[in-house]
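Participant: Numbering (my numbering), first residue to last: 61 to 754. Even glycine gets a Cβ: it sits at the ideal position worked out from N, Cα and C. Sending over a structure as structure tokens; questions will come in a sec.
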């Protein structure tokens with residue numbers, strides 16, 4: 061397969077990376093001199109569950125595969141997560157087989173929504189993980205604190221407020237170089253004193269097209285940058301007022317799409333207030349306002365050559381934007397054995413679009429900025445929530461919560477259909493609204509004489525259809541004029557259960573779930589959808605689970621393993637629920653001594669034969685079974701001092717040619733055949749990362 065634009069040099073930085081890996085994996089002599097600098101595992105191969113249904117991680121830690129380019133890339137290391145792949149970056153996260161707004165993805169408590177009707181700029185694509193301090197994942201419908209619709213789970217990327225006891229500063233920086241032109245730079249610094257602080261976080265990252273295990277070039281080039289500034293006022297140890305602002309942009313080309321992302325412009329503003337230790341039953345107050353704006357351009361000419369045999373033989377572009385404004389107010393109330401967090405939240409999201417024009421007769425192209433914006437949707441949500449933790453007895457806890465949401469959407473489209481054919485929109489200027497209750501209750505029990513916790517929780521979530529489900533499908537359910545008119549809210553009831561063990565040399569956990577989804581929103585791309593997509597409501601059953609173990613074999617040797625499985629059935633027609641990830645296991649082994657460590661990761665993925673061809677979601681669909689595979693990788697790390705750390709790795713050591721099951725078919729414009737063919741993953745990839753902390 062011949063690329064359309066350029067062929068990157070696969071070994072452009074290999075000498076540097078090979079030298080770094082050799083250094084990191086062969087340092088025992090130097091380690092004797094640095095024995096006091098005991099090094100924790102510096103390369104993360106699998107993130108373990110921290111407490112019942114909760115995973116907490118440091119996104120700044122180097123991890124394998126090659127450190128993450130976006131939020132989806134990082135989440136893949138957490139058991140239960142997978143990704144719909146479309147090339148080198150900007151995939152879409154999937155948790156336990158659930159996709160899109162079923163995952164409540166937040167940055168600093170705010171919601172950053174993408175603008176592409178087909179999620180080319182998924183919300184996760186605007187997040188650079190290493191610029192955040194903390195990642196929290198809560199699996200299942202087991203919290204109500206962070207907004208509506210979190211039927212699969214809640215994901216929080218957070219930046220912690222700075223605290224300086226006296227005038228001072230800190231600085232974190234990193235540089236990453238790797239195969240296929242990968243080059244990342246991160247800077248995160250702060251200065252301040254008792255009364256406040258100033259913090260800046262920024263990154264630049266890029267990669268060329270990668271080569272798969274067969275040596276074929278996969279169109280996947282991307283680059284992006286972000287910059288965020290925060291000013292905090294801390295008049296005392298219990299008070300915080302912080303103002304933040306940020307911008308970013310990027311580009312990416314996709315082997316699995318007919319257009320590429322020529323612009324991913326982001327603007328963000330935030331204001332938060334926290335007051336703790338109030339001294340009475342009311343212990344804490346917190347308030348937040350946020351503004352997030354995405355301005356996204358898609359085209360078929362800036363990162364590729366238009367395909368003369370396609371329906372887009374000439375240059376074409378589409379510009380879409382989305383403006384989201386929201387806020388949250390909450391109070392924490394504390395009694396002897398009870399803690400209650402209660403509050404309200406709200407958001408408004410407006411979506412607009414405009415398209416370019418190309419006259420084939422005169423070969424004249426008119427760019428999008430010559431046309432006015434057209435507003436197609438405005439969505440609102442107003443919610444009230446309360447979550448209570450009750451210490452029933454010394455070893456028993458009950459955690460429960462409830463929320464009530466009023467969600468609405470207004471359809472501003474005056475016509476519907478594609479560029480080739482359109483018709484008046486029968487729901488033009490109509491508004492639909494729903495009142496949606498959600499809640500959960502979980503029981504946790506600590507075994508006597510053992511660091512073991514048993515838990516079980518039942519949750520119910522009613523989720524209003526998101527923008528992509530209401531406005532992207534070509535058609536709605538049979539008998540309905542369109543998806544906006546016909547798609548019902550999704551209703552998920554799920555039982556979560558498991559066990560958590562945290563011993564001195566052994567950590568082990570297992571979590572399972574079984575659920576029923578009424579009015580599950582399914583996309584149909586088969587012939588019955590008349591060549592486009594049709595959104596429909598079905599009933600579905602889901603179940604699965606994850607388990608993990610981390611064990612210290614000796615003072616120097618450590619091992620870890622995780623396993624994740626998701627199963628779903630379309631109980632309306634007896635077929636498999638599509639876009640389900642296959643069974644996956646990760647096996648890791650690490651040797652640590654003094655200031656250095658070395659490790660290996662073996663990722664094993666089973667075949668997936670439970671598919672429903674032509675069905676899926678707004679991004680992907682099942683187009684056949686997938687084969688299983690195993691990928692072996694190596695890593696190493698060395699801490700030169702308390703301030704400098706080197707980590708390096710070789711991903712896919714044996715250069716295996718493989719493809720993930722959740723995948724977009726290769727686009728014909730890049731030479732892929734008409735019959736769907738999955739996009740292969742990168743072959744052997746070498747990388748090295750240096751972290752500086754001062």
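Mapping DSSP to helix, strand and coil, what is residue 227?
Facilitator: Looking at residue 227 - three-state DSSP - the assignment turns out to be coil, as it is neither helix nor strand.
Participant: Please name the residue or residues paired with residue 596 in a DSSP beta bridge.
Facilitator: 582
Participant: Please classify residue 565 as buried or exposed, where buried requires at least 16 other C-beta atoms within 10 Å of its C-beta.
Facilitator: exposed
Participant: Are there three or more Cβ pairs, one per stretch, closer than 8 Å when the segment 188-204 is compared with the segment 363-378?
Facilitator: no
Participant: I think residue 316 touches residue 727, with their Cβ atoms under 8 Å apart; what is that distance to the nearest whole Å?
Facilitator: 6 Å
Participant: Confirm, please, whether the CB-CB distance from residue 152 to residue 679 is below 9 Å.
Facilitator: yes
Participant: DSSP has residue 476 in a bridge; who is on the other side?
Facilitator: 483
Participant: Between residue 118 and residue 568, what straight-line distance do the alpha-carbon atoms span, to the nearest angstrom?
Facilitator: 20 Å
Participant: What is the DSSP secondary structure of residue 754, counted as helix, strand or coil?
Facilitator: Residue 754 sits in coil when the DSSP states are folded into three classes, being neither helix nor strand.
Participant: Taking the alpha-carbon positions, what's the residue 457 to residue 573 distance?
Facilitator: Whole-angstrom Cα-Cα distance: 20 Å.
Participant: Pop quiz: residue 455 and residue 506 are said to be a contact at Cβ under 8 Å. What is the actual Cβ separation, rounded to whole angstroms?
Facilitator: 4 Å
Participant: Quick one: using the 10 Å Cβ neighbour count with 16 as the cut-off for buried, is residue 509 buried or exposed?
Facilitator: Answer is exposed; the Cβ neighbour count stays below 16.
Participant: Give the DSSP bridge partners of residue 205, in chain order.
Facilitator: The partner list for residue 205 (beta bridge, DSSP) is empty, contrary to what the question assumes.
Participant: Taking the straight line between their C-alpha atoms, what separation do you get for residue 443 and residue 409?
Facilitator: 15 Å
Participant: Got a sec? Which residues, its chain only, sit under 6 Å from residue 256 by beta carbon, not counting five neighbours each side?
Facilitator: Result list for residue 256: 292, 293 and 294, in chain order.
Participant: Taking only beta-carbon atoms, is residue 310 less than 9 Å away from chain D?
Facilitator: The displayed structure is made up of one protein chain only, and chain D is not part of it.
Participant: Just checking, does the segment 434-452 make contact with the segment 463-477 on the three C-beta pairs under 8 Å criterion?
Facilitator: The way I'd put it, the segment 434-452 does touch the segment 463-477; three or more beta-carbon pairs between them come closer than 8 Å.
Participant: Per DSSP, which residues does residue 469 bridge with? Please list them.
Facilitator: When DSSP reads this structure, residue 469 sits in a beta bridge with 439 and 492.
Participant: Verify whether the separation of the beta carbon atoms of residue 280 and residue 314 is less than 9 Å.
Facilitator: yes
Participant: By Cβ distance, which residues of its chain are closer than 6 Å to residue 303, with the 5 residues on each side in sequence left out?
Facilitator: Only 291 and 331 meet the Cβ criterion.
Participant: If you drop the 5 nearest sequence neighbours on each side, which residues of the same chain put their C-beta closer than 6 Å to that of residue 661?
Facilitator: Non-local beta-carbon contacts of residue 661 in its own chain, meaning distances under 6 Å to residues more than five positions away in sequence, involve 105, 124, 648 and 693 in chain order.
Participant: Going by DSSP in three states, residue 324 sits in which element: helix, strand or coil?
Facilitator: strand
Participant: Based on the DSSP output, what are the partners of residue 158 in its beta bridges?
Facilitator: 155
Participant: Taking the beta carbon of residue 109 as the centre, do at least 16 other beta carbons fall within 10 Å, making it buried, or is it exposed?
Facilitator: Around the beta carbon of residue 109, 16 or more other beta carbons lie within 10 angstroms, which makes this residue buried.
Participant: Buried or exposed, going by whether 16 or more other CB atoms sit within 10 Å of the CB of residue 656?
Facilitator: The residue in question, residue 656, is buried, as its Cβ has 16 or more Cβ neighbours within 10 Å.
Participant: Which residue marks the beginning of the beta strand (DSSP E) containing residue 131, and which one marks its end?
Facilitator: For residue 131, there is no enclosing beta strand (DSSP E); the enclosing alpha helix (DSSP H) has its first and last residue at 131-135.
Participant: Could you tell me which of 673, 521 and 248 sits nearest to residue 583, measuring between CA atoms?
Facilitator: 673
Participant: Roughly how far, in whole angstroms, is the beta-carbon of residue 350 from the beta-carbon of residue 403, given that I think they are within contact range, below 8 Å?
Facilitator: Not confirmed; about 15 Å, so no contact.
Participant: I'd like to know if the segment 261-279 and the segment 140-148 are in contact, where contact means that at least 3 CB-CB pairs between them fall below 8 Å.
Facilitator: yes
Participant: Indicate whether residue 373 and residue 359 have their beta-carbon atoms separated by less than 9 Å.
Facilitator: No. Outside cutoff.
Participant: Do residue 299 and residue 218 have their beta-carbon atoms positioned less than 9 Å apart in this structure?
Facilitator: no
Participant: Which runs of the beta strand (DSSP E) fall wholly inside the segment 547-580 and span at least 3 residues, in chain order?
Facilitator: 550-562
Participant: Find out if the Cβ-Cβ distance for the pair residue 364, residue 320 is shorter than 9 Å.
Facilitator: yes
Participant: Give the DSSP-derived three-state secondary structure of residue 728 in the structure shown.
Facilitator: helix
Participant: If we require 3 or more residues per run, which beta strand (DSSP E) segments fall completely within the segment 647-683?
Facilitator: 656-665
Participant: Which same chain residues end up closer than 6 Å to residue 493 when comparing Cβ atoms and leaving out the 5 residues on each side of it in sequence?
Facilitator: Annotation for residue 493: 468 place their beta carbon closer than 6 Å to its own, counting only its chain and skipping 5 residues before and after.
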